[in-house]
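What follows is a set of notes on a single structure, which appears directly below.
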Amino acid sequence: MEDMNKLKNELNEIIQKKSNFSKLTYEINIAVEKPANADQFPNRDFSFKKIDIVCKEAQFDSFTKFNNEIKEVCKDIEQLNSTHFVSFNFEKCDIKFWNENINLGSHINFIECEINVNVQDVNLDEIYLLFRNFHNCKFKNLSLLSNIKTVHIDLHQSSIDLMQLVKIEILDNGINKIEIKNSHIKRITIKEAIFKRDFTIYETTIDSIRIENVDFESLSEFNEVTFQSEFDFKEITYNGLTLFDRCIFNAKAEFEYIIFEKFTSFRGTTFNKGLNLDFTSAEKEINFFGIKGLKNNESIENTSQETYRIIKYNFEKIGNKIEANKYHALELDQKRRELEKNKWNNKKDYLVFKLHSWSSEHSTNWSLALLWIFAVGFLTVFSLHLGIAKDLFFHPNHFKIEYIGKIFSQFFKFIYIGNMDDILKNNSFIFLLNKVLLGYLYYQFLISVRKDTRK
């Protein structure tokens, strides 16, 4: 105990020599700890003293001067005894970094603190924001608004009210990166920026995100991210891999004037409020496998025919016929909605569209086309043999059993488009109607079968 008190006094003497740190209210906790496997070596002492210097609920308008003094304190403590492991714990403090470099040693811990980082109108050398230093902290403001040589952001389990990256270039220097994981971000704004290193966000909830006029030259990845109220991407060029896998969009996903130059993936992603890909271009295929939500009513209201066409086309490119047909149906449903808005001004287009829908569901249902072929055959039989039709439908008591054989004999003749029986040729209107309808329906039948059986 005396040794502990002596050590505390020595530590106090060291700290009191520092002009800034000495003004803080702090406490010193010393504990003797042993490695977990120390019992395997009973004749040797592996114990070490763990020194925690704890500061609570303090306010720091500029942390750089304290950081410099902490480095000096660590050197002085090391001269006392190299077995001392020192950590500086700041609990529930208000920390500000204003236009200053940030590079914190591993012995500095911010625990449940409020952090403000603002870089503007200056050129800095380095910003390191690492999860080893920040534990369950709230970043009220994380704004990088001018160029910084080294930006290394690696945050886990944080809360960020505002994140702004504007007019910056993240260089490819082997150190730069931005990675956020298991966090909650209220608002992200990224404008006029270039990312030559990875930009990744994992397992995070983002309330609002706006990205505009940005080049991503390396990996850009959102994985298992939930977008809550706003998602607006404009004028972006993706030169590297672009991944939005297993995300949930509770806001309409707006992609406007976007260029995807490499592989892009939305695998397993849910769109609850619709998707806009109208003004995008992709040089490689886009993976939409396992996407959900675009068939619900709200998504249908907010997703265009062109977006459904893009999704269908990408499924067709990889040979996924089943999914391609699903989104083809949604594409056509959107076209129907557009035509119905102005059907009196587009009567011809609307009529052709409805005819195509009724006959074969736009060449996707061969069985419906076949059913209509049979209907044309029976209609032709009854039109040419009105007596049989009258007995069958109006006087069933007069119907004779031999009529059945005659009906089917004539039916198979009249569903054959090459049939030229005199009885048919002598009734020119019925002849014309039979051949036109059969020609159209056979075409729809063949196209539908081809869509349903192609590799």
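All letters in the sequence shown, in the order written, are residues 16 to 470 by our numbering.
Idealized CB from N, CA, C, for every residue including glycine.
Buried or exposed: which applies to serine 463, given that a residue is buried once 16 or more other Cβ atoms fall within 10 Å of its Cβ?
It counts as buried.
So serine 398 is in the alpha helix (DSSP H); what residue range does that whole segment cover?
Taken as a continuous stretch (DSSP letters only), the alpha helix (DSSP H) holding serine 398 covers 381-399.
Suppose you measure from the CA of aspartate 247 to the CA of histidine 122; what does that come to, to the nearest Å?
Cα to Cα, aspartate 247 sits roughly 40 Å from histidine 122.
How would you call serine 375, buried or exposed, if buried means at least 16 neighbouring beta carbons within 10 angstroms?
By the neighbour-count rule (16 or more Cβ atoms within 10 Å), serine 375 is buried.
Rounding to the nearest angstrom, what Cα-Cα distance links tyrosine 458 and leucine 383 in this structure?
If I take the Cα positions, the gap works out to 13 Å.
Go ahead and label glutamate 93 buried or exposed: buried means 16 or more other beta carbons lie within 10 angstroms of its beta carbon, across all protein chains shown.
Glutamate 93 comes out exposed.
Leucine 234: which of Phe275, Gly120, Ile224, Asn329 sits nearest, CA to CA?
Among Phe275, Gly120, Ile224, Asn329, the Cα nearest to that of leucine 234 is on Phe275.
What is the DSSP secondary structure of valine 464, counted as helix, strand or coil?
If DSSP states are grouped into helix, strand and coil, valine 464 belongs with the helices.
Is the beta carbon of asparagine 280 sitting closer than 8 Å to the one on alanine 266?
For the sequence presented, residue 280 should be read as serine rather than asparagine. It is not a contact, given that the beta carbons lie outside the stated cut-off.
Taking the alpha carbon of asparagine 177 as the reference point, which residue from Ile66, Phe303, Ser158, Asn104 has its own alpha carbon closest?
Per the sequence shown, the amino acid found at residue 177 is leucine instead of asparagine. With distances taken between Cα atoms, leucine 177 lies closest to Ser158.
Out of Lys71, Phe154, Ile29, Lys32, which has the shortest C-alpha to C-alpha gap to glutamate 42?
Checking every option, the nearest Cα to that of glutamate 42 belongs to Lys71.
With 16 as the cutoff for other CB atoms within 10 Å, does leucine 461 come out buried or exposed?
Classification for leucine 461: exposed.
Pull the bridge partners of cysteine 70 from the DSSP assignment, please.
The partner list for cysteine 70 (beta bridge, DSSP) reads Tyr41, Phe105.
Under the assumption that phenylalanine 103 contacts isoleucine 126 (Cβ atoms under 8 Å), give the Cβ distance between them as a whole number of angstroms.
That belief does not hold up - the Cβ atoms of phenylalanine 103 and isoleucine 126 are roughly 11 Å apart, past 8 Å.
Does the stretch 439-447 come within contact of the stretch 349-358, defined as at least 3 CB pairs closer than 8 Å?
No: the two stretches stay apart, fewer than three of their Cβ pairs being nearer than 8 Å.
In the structure shown, what three-state DSSP assignment does asparagine 265 receive?
Coil, per DSSP.
Take the Cβ of asparagine 118 as the centre, count every other Cβ of all protein chains shown within 10 Å, and call the residue buried at 16 or more, exposed below.
Exposed: under 16 other Cβ atoms inside 10 Å.
Could you give the first and the last residue of the continuous alpha helix (DSSP H) run that contains lysine 356?
Looking at the DSSP string, the run of the alpha helix (DSSP H) that includes lysine 356 is 336-356.
Less than 8 Å separating the beta-carbons of asparagine 131 and lysine 107?
No, these two residues do not count as a Cβ contact at 8 Å.
Please name the residue, chosen from Ala268, Leu394, Asn188, Ser424, that lies closest to histidine 475 on a Cα-to-Cα basis.
Only positions 16 to 470 of the chain appear in the structure, and residue 475 is not among them; the question remains open.
Could you pull out every unbroken beta strand (DSSP E) segment of at least 3 residues lying fully inside the stretch 111-172, listed in chain order?
Complete beta strand (DSSP E) runs here, min 3: 123-126, 129-134, 139-145, 153-159, 163-171.
Could you check what DSSP says for methionine 178 in three-state terms: helix, strand or coil?
Reduced to three states, the DSSP call for methionine 178 is strand.
Going by C-alpha to C-alpha distance, which of Asn434, Glu269, Phe231 sits closest to isoleucine 224?
Among Asn434, Glu269, Phe231, the Cα nearest to that of isoleucine 224 is on Glu269.
Buried or exposed: where does asparagine 380 fall if 16 or more other Cβ atoms within 10 Å of its Cβ makes it buried?
It is buried - the Cβ of asparagine 380 has at least 16 other Cβ atoms within 10 Å.
What would DSSP say about threonine 318, mapped onto helix, strand or coil?
Reduced to three states, the DSSP call for threonine 318 is coil.
Any idea what DSSP makes of threonine 79, helix, strand or coil?
In the structure shown, threonine 79 sits in a helix (DSSP, three-state: H, G or I).
Ignore the nearest five residues each way along the sequence and tell me which others in leucine 160's own chain have a CB closer than 7 Å to its CB.
Counting only Cβ-Cβ distances below 7 Å, and skipping sequence neighbours, we find Val134, Gln135, Gln179, Val181, Lys182.
Give the C-beta separation of isoleucine 200 and threonine 215 to the nearest angstrom, bearing in mind that I take them to be a contact with Cβ-Cβ under 8 Å.
Not quite, the Cβ-Cβ distance comes to about 13 Å (not below 8 Å), so this is no contact.
Return the CA-CA distance between lysine 470 and lysine 327, expressed in angstroms with no decimal places.
Residue placement at lysine 470 is poorly supported in this model, since its pLDDT is 42, which falls under 50; the coordinates still yield a value, given next. Computed Cα separation, rounded: 16 Å.
Count the other C-beta atoms from every protein chain shown that fall within 10 angstroms of the C-beta of leucine 170, then say buried if there are 16 or more, exposed otherwise.
So leucine 170 ends up on the buried side.
Along the chain, where does the alpha helix (DSSP H) containing aspartate 437 start, and where does it finish?
Looking at the DSSP string, the run of the alpha helix (DSSP H) that includes aspartate 437 is 437-440.
Let me confirm a value: alanine 208 is counted as buried when at least 16 other C-beta atoms fall within 10 Å, else exposed. Which label applies?
Under this definition alanine 208 is a buried residue.
Taking threonine 204 as the reference, give the member of Ile221, Leu186, Leu256 with the closest Cα.
Comparing Cα-Cα distances from threonine 204 to each of Ile221, Leu186, Leu256, the minimum goes to Ile221.
In whole angstroms, what is the alpha-carbon distance linking glutamate 227 and lysine 206?
Cα to Cα, glutamate 227 sits roughly 5 Å from lysine 206.
For serine 198, which residues of its own chain have a beta-carbon under 6 Å away from its beta-carbon, when the five flanking residues on both sides are left out?
Cβ within range, chain order: Ser173, Thr219.
Considering only C-alpha positions, which residue in the set Thr284, Gly433, Phe446 is nearest to phenylalanine 237?
If we check each option's Cα against that of phenylalanine 237, Thr284 comes out closest.
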